[in-house]
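Heads up: the structure comes next, in structure tokens.
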């Protein structure tokens, strides 16, 4: 009895499986009627067809009504499902679609059939001719490296290659350095479209005359001197990708703001501070004018510093990272090219204590801490590739270089990609709380590393940058797992006034049911945005008022422990 029941169940399972497979494949052009569509752009395996046969059918019984076309069995894909891979042999010039149709027309025991296609990995590999030399982005073991000792760029580029936020903001990264070859064809430099170049007038009223191409903080003018160090840093951050030219940057598309601070070794601290002040000015203007002036600069790169210096002797330098951070700018800095413990010896800027600063040391192609780089269990945050890094150089040239100067821009580039990959709820939140978004993105970068034994206990994160894991953090809407609030709160919606949509941020302190409703000026409820059980965290909800008339509206949060109401204005 049990054996009979098992046979019945087995037959039922097989029949359901075949039925599901036939339904699944019936729209592929290989169903009854046998009208075979042309192959897609994906590559087929030559002369191979996959067939699914009815139960108990013999694959060796497959025949052809054309004596010049023959079929032979190559292998069983699944004997249980009676699924087989077969070869066909046909005269040159015969259409594969006709051969597949012939096969199905002449063999009633074939439930469905299809061509055998080559499957591609979901990795976005650029066509830049020297990309295979960029082990830091994709380490296949080239040059004696350890395969996969890289930042996982190929997988990350399937998410985004950079350039713009989801709502179209142009992402800008500021590079402070010794000079730049603005003519390099593999780099995209930011242009201040609010300024008319060469007219000796401060057209945008930002306090800087003719700053169309950037700014020379050392000379207090707009003349950018060509230099190699700054050009190399830019290439790591944002060399144009997939353009049949040279290399690929961490970002394939990003606008780089060049700010010159003089020629080494004659760079002074005052020039550095002026450079940061320029960046701060641009982002502050952007925030204050809603993007009408300034630019959406999200990060700075500083591949320079003062070896063995103590931050308490440079309080203004360190404080500028806080000032920029409050406007939404993450600053990235390279530590010393000296194998020493920054916690003990000091370094500026990488011993500065700003929460908005990410400090970087160098790792090798075998995932070791580079012997010529500094470390610090409480001062140095993260490792990134910094040995034999191929990058842009001079005018349309490329060369390898070593040092933390090349490690830091890998991390700076990731900041730009985070803003490009981020779900719109993150960008909306950053519009209202740019400082908090900067801190959150720093958290994602340090929390998304590949943990390395060679870095364990030597740096804050114990790991090397992983671009893919970092970007995965921002694909989903901003949710409760990203913040730990200390009090209930209901934030003012942004934008306000709005048309037709706006975002509302609120904090939940306990596991509780939360309801957020919208009312018109008469007190009538016109919508319920949230009515669910939520755990402790920060949340964002979007309100779409497309169907409502202009006017004043109120939104109210209600829970067991908290209630609040705020006003918003819909202006169509």
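In my numbering, the protein residues as written are 1 to 572.
Note that CB positions come from ideal geometry on N, CA and C, so glycine has one too.
Extent of the continuous beta strand (DSSP E) to which residue i belongs
i: residue 262; result: Segment: none, residue 262 is in no beta strand (DSSP E) and carries neither H nor E.
i: residue 44; result: 44 to 53
i: residue 357; result: 357 to 363
i: residue 568; result: 563 to 570
i: residue 320; result: Note, residue 320: premise wrong, no beta strand (DSSP E); alpha helix (DSSP H) at 315 to 326.
i: residue 332; result: 330 to 334
i: residue 345; result: Run containing residue 345: none in the beta strand (DSSP E); it sits in the alpha helix (DSSP H), 342 to 345.
i: residue 580; result: Outside the shown range of the chain (1 to 572) lies residue 580, about which nothing can therefore be said.
i: residue 401; result: 397 to 401
Bounding residues of the alpha helix (DSSP H) (the contiguous stretch that carries residue i)
i: residue 155; result: 153 to 156
i: residue 135; result: Per DSSP, residue 135 belongs to no alpha helix (DSSP H) and is neither H nor E.
i: residue 432; result: 424 to 432
i: residue 96; result: 96 to 105
i: residue 281; result: 269 to 289
i: residue 409; result: 404 to 421
i: residue 468; result: 467 to 472
i: residue 238; result: 228 to 238
Residue i, buried or exposed, once every other Cβ within 10 Å from all chains shown has been counted against 16
i: residue 147; result: exposed
i: residue 79; result: exposed
i: residue 408; result: buried
i: residue 23; result: Reliability fails at residue 23, whose pLDDT of 43 lies under 50, so the model's placement of it is uncertain and the value that follows must be treated cautiously. Residue 23 comes out exposed.
i: residue 373; result: buried
i: residue 487; result: exposed
i: residue 579; result: Nothing can be reported for residue 579: it is not among the residues displayed for the chain, which extend from 1 to 572.
i: residue 43; result: exposed
i: residue 99; result: buried
i: residue 339; result: exposed
i: residue 557; result: buried
i: residue 115; result: buried
Cβ-Cβ separation, residue j to residue i (assumed contact under 8 Å), whole Å
i: residue 224; j: residue 182; result: 6 Å
i: residue 337; j: residue 176; result: Wrong, their Cβ atoms sit about 18 Å apart, outside the cutoff.
i: residue 504; j: residue 515; result: Contact flag wrong, Cβ pair sits at about 13 Å.
i: residue 566; j: residue 555; result: 6 Å
i: residue 251; j: residue 416; result: 5 Å
i: residue 455; j: residue 448; result: Actually they are not in contact, since the Cβ atoms of residue 455 and residue 448 sit about 14 Å apart, beyond 8 Å.
Beta-bridge pairing of residue i - partner residues as DSSP gives them
i: residue 531; result: 515
i: residue 88; result: 71
i: residue 556; result: 517, 565
i: residue 175; result: 258, 301
i: residue 538; result: 507
i: residue 215; result: 259
i: residue 385; result: 363
i: residue 551; result: 570
Span separating the alpha-carbon of residue i from that of residue j
i: residue 17; j: residue 53; result: Reliability fails at residue 17, whose pLDDT of 48 lies under 50, so the model's placement of it is uncertain and the value that follows must be treated cautiously. So the two alpha carbons sit approximately 12 Å from each other.
i: residue 200; j: residue 242; result: 38 Å
i: residue 391; j: residue 361; result: 18 Å
i: residue 315; j: residue 570; result: 45 Å
i: residue 249; j: residue 107; result: 54 Å
i: residue 346; j: residue 428; result: 38 Å
i: residue 442; j: residue 436; result: 10 Å
i: residue 500; j: residue 517; result: 17 Å
i: residue 275; j: residue 364; result: 31 Å
i: residue 622; j: residue 123; result: Residue 622 cannot be examined here, being either before or after the span of the chain that is shown, 1 to 572.
i: residue 92; j: residue 155; result: 40 Å
i: residue 461; j: residue 453; result: 11 Å
i: residue 88; j: residue 72; result: 6 Å
i: residue 282; j: residue 214; result: 11 Å
i: residue 420; j: residue 113; result: 42 Å
i: residue 237; j: residue 561; result: 47 Å
i: residue 196; j: residue 268; result: 30 Å
i: residue 496; j: residue 140; result: 50 Å
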